[in-house]
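Residue numbers (our numbering): 4 to 432. Idealized CB from N, CA, C, for every residue including glycine. Taking it in order: structure first as C-alpha cells, then the write-up.
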Ligand code: AMP
Ligand code: GLY
C-alpha cells in the first residue's frame, strides 16, 4: 500500500505546471494542490492555490512542504532539476517526482546524454563534440554534409541550428563560437541531420519501472507552415497516430527501457519523466533529444486524457514503488492544444497587457495559463512569451480542433499570436 496522498506541491509557473496541478487535483484523496510560484490561472482550478516562493529558494520550499504536510512534490521545469532541487528536497525526507541533478544531465548535457545512448546502444544521430571553431570546421570538412549545431548545456529550447547546406553549417558554427547560444557550457555538439516526422514520448519512471503516456506531437516553429524561429512549442495534439500501440511498445523496448537501465547502471535512481524527442526516420526511430521533464505544451494536451490515478502514479514513482500504483487509465478521445503568445515571442516578449477571457469551459474544453499574472485589481495581465493555451477533446481531431479555435476566439489581449494550422497532419480543413 502507498502512503496517503492529500497535499501536493507543483514547482513551476508555466502552462505545464498549470495543467499538472489541474490533473492531479482530480485524484479522490487529494485535498489541495499548491503551485509555486504558479501563474494567473492557478487559482481558477478547484483545489489549487499559489504559494509565493521562488523556484530556487529550496529552504523556503522545504519549510512550506513541512508546515503544510505536503506528501508529494512534482518539479516541472528543467532548470531546478539540473541544479539539484530534487536532491535537496529528497535529503529533507520529501517524496519528489523529478530526477536529481545527475539524472537531469539527460537534458542538461547533450554530450553526456549522447555518451549514454552510445553505451546503451540506443539509436540516435551520429555526433561529434567540439570546443573550438577550428575543431568544428574540421568535423564539417571531413563529414562533407550539412550538420546540426547544438549547444551542449541548457539553452531554453533555443540551442539548436539546423542548416540545409554546408555553407549554412559553417555560418552556424561561426555564430555559435561568437556566443549566439547563451548556454552554460562552451562545448558544441555537431550532429548528422536526420529526416522524418517528430514525436514526443513520455515515460513516468520510478527508478526501475515505467508507464508510458500516449505519444504527442508538438509544433516548434512560430509560424504556420512550420516557418519562422523555433519556440518552446506553439501547439500539440495527442495521441499522435505516428506511433500506434505496437510501435510505441517498440520505442519502449528499443529506447526507453535501455535508457532507464543505463541510468541505473550509473547509480542513478531516476524518479521522474524521461521525455524522448524522436524522429521517425526511414531506418526506424532515432532519439533527437532527451528531456528530464514533461514537454510544454505536450503536457497540457495530455493531461485531459489521463485518468484521476495520475497523482497516485506520480506519487508511486517518487517513492520507487510503481508496482503498487493503480493502473493509469486513458481516455479514447483526441486532444488538441493551441498556444497563444505575445507578439514579440520568442525574440522578446511584451508584458503587462490585460487578458480578456470570455471562454465557457467544459469537461472537454480547458484553459491553461502560462505567462499570466493575477493582480490586486482582480485582472489578468500578460507576463511572458507564451501566455496561455486552449485545449479540447473530441471523438476526432476535427472536432477537438474546431472547439479549440472556437474557444480561442473568446480570448483577447494586445498582439495575441497563435498558429491556425496546429494539427494540420491529422485534421481536414
Ligand atoms: P532539440 O532541442 O535537440 O530537440 O532540437 C530542436 C529541433 O531541431 C528538433 O525538434 C528538430 O526539429 C531539430 N533537430 C535537432 N536535431 C536534429 C537532427 N539531428 N536532425 C534533424 N533535425 C534535428
Ligand atoms: N515542447 C517542447 C519542450 O517542452 O521542450
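(request) State the DSSP-derived secondary structure class of residue 48, mapped to helix, strand or coil. (result) coil
(request) Just list the alpha helix (DSSP H) runs in the stretch 396-429, keeping only unbroken ones of 4 residues or longer that don't cross its boundaries, in chain order. (result) 400-411
(request) Report the residue ranges of all alpha helix (DSSP H) runs contained in full by the stretch 27-83; include only those spanning at least 4 residues, in chain order. (result) 61-70
(message) If the criterion is Cβ atoms closer than 9 Å, does the pair residue 75 and residue 328 meet it?
(response) no
(request) May I ask you to check if the CB of residue 162 is nearer than 8 Å to at least one heavy atom of ligand 1? (result) yes
(message) Taking the straight line between their C-alpha atoms, what separation do you get for residue 236 and residue 395?
(response) 17 Å
(message) Does the beta-carbon of residue 237, which I'm using as the reference point, lie nearer than 8 Å to any heavy atom of ligand 1?
(response) no
(request) Please state whether DSSP places residue 291 in a helix, a strand or coil. (result) strand
(message) If you measure between the beta carbons of residue 111 and residue 295, is that distance less than 9 Å?
(response) yes
(request) Following the continuous alpha helix (DSSP H) through residue 94, name the residue where it begins and the one where it ends. (result) 88-94
(message) Please give me, in chain order, every unbroken run of the alpha helix (DSSP H) with length at least 4 that falls completely inside the stretch 229-296.
(response) 248-254, 260-268
(message) So the candidates are 103, 69, 67, 38; which of them puts its Cα closest to the Cα of residue 82?
(response) 103
(message) For ligand 2, is there any heavy atom lying closer than 8 Å to the beta carbon of residue 300?
(response) yes
(request) Counting only the same chain and skipping the five closest in sequence on each side, list residues whose C-beta sits under 7 Å from that of residue 48. (result) 24, 25, 28
(message) Less than 9 Å between the beta carbons of residue 20 and residue 33, yes or no?
(response) no
(message) Below 8 Å, how does it come out for the stretch 331-349 and the stretch 232-248: are there three or more Cβ pairs, yes or no?
(response) yes
(request) Determine the direct distance from the alpha carbon of residue 121 to that of residue 148, and round the result to whole angstroms. (result) 22 Å
(request) Report yes if the C-beta of residue 428 is less than 8 Å from at least one heavy atom of ligand 1; otherwise report no. (result) no
(request) Go ahead and pull the three-state DSSP assignment for residue 303. (result) helix
(request) Report buried or exposed for residue 194, applying the criterion of at least 16 other Cβ atoms within 10 angstroms of its Cβ. (result) buried
(request) Quick one: give me the first and last residue of the alpha helix (DSSP H) that residue 145 is part of. (result) 136-146
(message) Residues in the same chain with beta-carbon distance under 8 Å from residue 323, minus the five sequence neighbours each way, listed in chain order, please.
(response) 209, 210, 211, 272, 274
(message) Helix, strand or coil for residue 103? Go by DSSP, reduced to three states.
(response) coil
(request) Return yes when the Cβ of residue 345 is within less than 9 Å of the Cβ of residue 374, no when it is not. (result) yes
(request) Please report the residue range of the beta strand (DSSP E) in which residue 15 lies. (result) 10-15
(request) Within 10 angstroms of the Cβ of residue 366, are there 16 or more other Cβ atoms? Answer buried if so, exposed if not. (result) exposed
(message) Excluding the 5 residues flanking residue 217 on each side, which residues of the same chain have their C-beta closer than 7 Å to its C-beta?
(response) 241, 242, 305, 308, 333
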